[in-house]
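> Quick one: this structure, given as structure tokens, is what I'll be asking you about.
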Amino acid sequence: MQFRPLKPEDKEAALAIAAETWDGEDYIHLVWDEWLNEEDGEFTAVLINGELVGYGKFTLLGPGEAWLHGARIKKERRGEGIGSGLLEYFLEKAKKDGVDVVRYAAHSSNEASINMARNRGARIAGKYHLFSRPLNAPTPESKTVPRRITEITPQIMEDISRSPFIKYGNGYMAANWQFRHLSQNSLEKYIEKGQIYSLHRGYILYTPPSSPNDFAYISSISGSLEVQNLLLNWTLNLSKKQKAGSVMVKIPSYPPLIQFFKRRGFLPWGKATEPDFLLLEFSVS
Ligand SMILES: CC(C)(COP(=O)(O)OP(=O)(O)OC[C@H]1O[C@@H](n2cnc3c(N)ncnc32)[C@H](O)[C@@H]1OP(=O)(O)O)[C@@H](O)C(=O)NCCC(=O)NCCS
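For the sequence shown, our numbering assigns the number 21 to the initial residue and increments by one for each residue that follows.
Right, dumping it as structure tokens:
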């Protein structure tokens with residue numbers, strides 16, 4: 021197995037591999053240019069006898085923290101150890117680059133993805149339930165306008181750290197499909213693409229849709245129940261204006277939090293009683 025950064029000329033073969041994944045619903049074509057040109061991290065090809073058989077993305081999230089995503093192995097070559105080989109390459113790269121923690125998320129039914137991590141020392145750092153709310157359903161009116169946060173102060177950090185998402189999510193926060201430990205740095209990074217709104221020391225962490233009909237995301241909501249309701253209604257109306265198709269949320273395994281969203285029209289992605297995604301974490305040292 022050989023590894024090298026993907027090149028523009030690999031695009032056709034790489035997207036053909038992605039097209040075999042998730043019944044053709046794959047997203048690699050949407051991020052191809054961005055990932056290829058990103059300076060932090062590596063979009064890595066796996067070759068066997070010169071043939072592209074798979075690839076994956078190593079993304080540096082912050083100091084000492086990497087995220088793996090976009091692993092795609094050619095369908096007819098799955099189960100031959102290529103995915104595990106790529107994972108070992110990334111863990112080795114993390115060590116060389118001075119990265120302490122490597123994480124990725126896997127669907128709980130993705131045995132190959134989970135096994136290759138568990139067999140290489142990963143721990144399960146979190147379990148998440150995926151819910152989404154279609155925006156064609158009626159949305160309660162919202163008159164209270166929260167304040168948009170542009171700077172993370174120690175008080176804001178402290179308030180957000182009390183969010184049930186953080187408390188019951190072992191300190192992790194989700195930013196779209198990536199999970200990071202809550203910190204000053206991760207919140208500052210978050211507001212580069214996402215938005216934070218505040219009302220009476222309650223907070224909602226929200227990411228707008230990247231294109232019409234795409235998902236908008238809620239990463240965390242906190243404050244008194246009344247404040248959470250106001251923040252949620254305001255955000256649902258905002259995402260409607262921004263032409264999101266629906267609003268997605270990854271909820272840690274804490275039943276009252278799941279109930280909160282269910283009661284407000286959020287529908288489970290999978291079996292609501294079981295987590296949809298596992299967060300896998302490697303300590304590299
Ligand atoms: C998930 C994926 C990247 C794994 O790559 P792969 O080359 O098929 O996996 P490997 O052959 O290296 O096997 C990985 C591990 O899981 C085990 N495994 C492989 N296929 C398995 C299966 N169908 N069921 C259970 N375990 C399996 C292997 O024993 C191996 O463990 P080991 O290396 O410790 O022995 C690949 O199957 C793929 O591209 N799937 C579609 C896209 C995807 O799911 N991407 C990952 C998103 S998190």
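Where a beta carbon is used, it is the ideal one built from N, C-alpha and C, also for glycine.
1) Quick one: residues in its chain with C-beta nearer than 8 Å to the C-beta of LYS260, no 5 flanking neighbours on either side, listed in chain order?
2) Rounded to whole angstroms, what's the CA-CA distance from TYR47 to ALA38? Just pull it up for me.
3) Are GLY70 and LEU106 closer than 7 Å when you measure CB to CB?
4) Just to confirm, are LEU250 and LEU219 a CB contact at a threshold of 7 Å?
5) Pick from ILE102, GLU131, LEU80, LEU72: whose alpha carbon is nearest that of ASP296?
6) ALA132: beta carbon under 6 Å from a heavy atom of ligand 1?
7) Along the chain, where does the alpha helix (DSSP H) that runs through ALA132 open and close?
8) Jot down the residue ranges of each uninterrupted beta strand (DSSP E) in the segment 148-229, minimum 3 residues, whole runs only, in chain order.
9) Contact defined as beta carbons within less than 8 Å: I believe ILE224 pairs with THR173. What is the distance between those atoms, to the nearest angstrom?
10) Using only CA atoms, which one of VAL121, ALA36, TRP55 lies nearest to PHE199?
11) Where do the N-terminal and C-terminal ends of the alpha helix (DSSP H) with ALA126 fall, by residue?
Let me spell this out:
1) Taking the sequence shown and counting its residues from 1, one reaches residue 260 at position 240. Excluding sequence neighbours, LYS260 sits near LEU155, THR159.
2) Within the sequence shown, the letter at position 27 stands for residue 47. Within the sequence shown, the letter at position 18 stands for residue 38. Cα to Cα, the separation comes out at about 8 Å.
3) Position 50 of the sequence shown holds residue 70. Position 86 of the sequence shown holds residue 106. It is not a contact, given that the beta carbons lie outside the stated cut-off.
4) Walking along the sequence shown from the start, residue 250 turns up at place 230. Walking along the sequence shown from the start, residue 219 turns up at place 199. Against a cut-off of 7 Å, the Cβ pair of LEU219 and LEU250 comes out as a contact.
5) Within the sequence shown, the letter at position 276 stands for residue 296. Checked all of ILE102, GLU131, LEU80, LEU72; the closest Cα to ASP296 is GLU131.
6) Numbered from 1 along the sequence shown, position 112 holds the residue referred to as residue 132. Checking every heavy atom of ligand 1 against the Cβ of ALA132, one is found closer than 6 Å.
7) For the purposes of this step, residue 132 is taken as the residue at position 112 of the sequence shown. That run of the alpha helix (DSSP H) goes 131-138.
8) 167-169, 192-195, 198-201, 215-219, 222-227
9) Within the sequence shown, the letter at position 204 stands for residue 224. Within the sequence shown, the letter at position 153 stands for residue 173. That belief does not hold up - the Cβ atoms of ILE224 and THR173 are roughly 17 Å apart, past 8 Å.
10) On the sequence shown, residue 199 is found 179 positions in, with the first residue counted as 1. The residue with the shortest Cα to Cα distance from PHE199 is VAL121.
11) In the sequence shown, the residue the question calls residue 126 occupies position 106. Note, ALA126: premise wrong, no alpha helix (DSSP H); beta strand (DSSP E) at 121-127.
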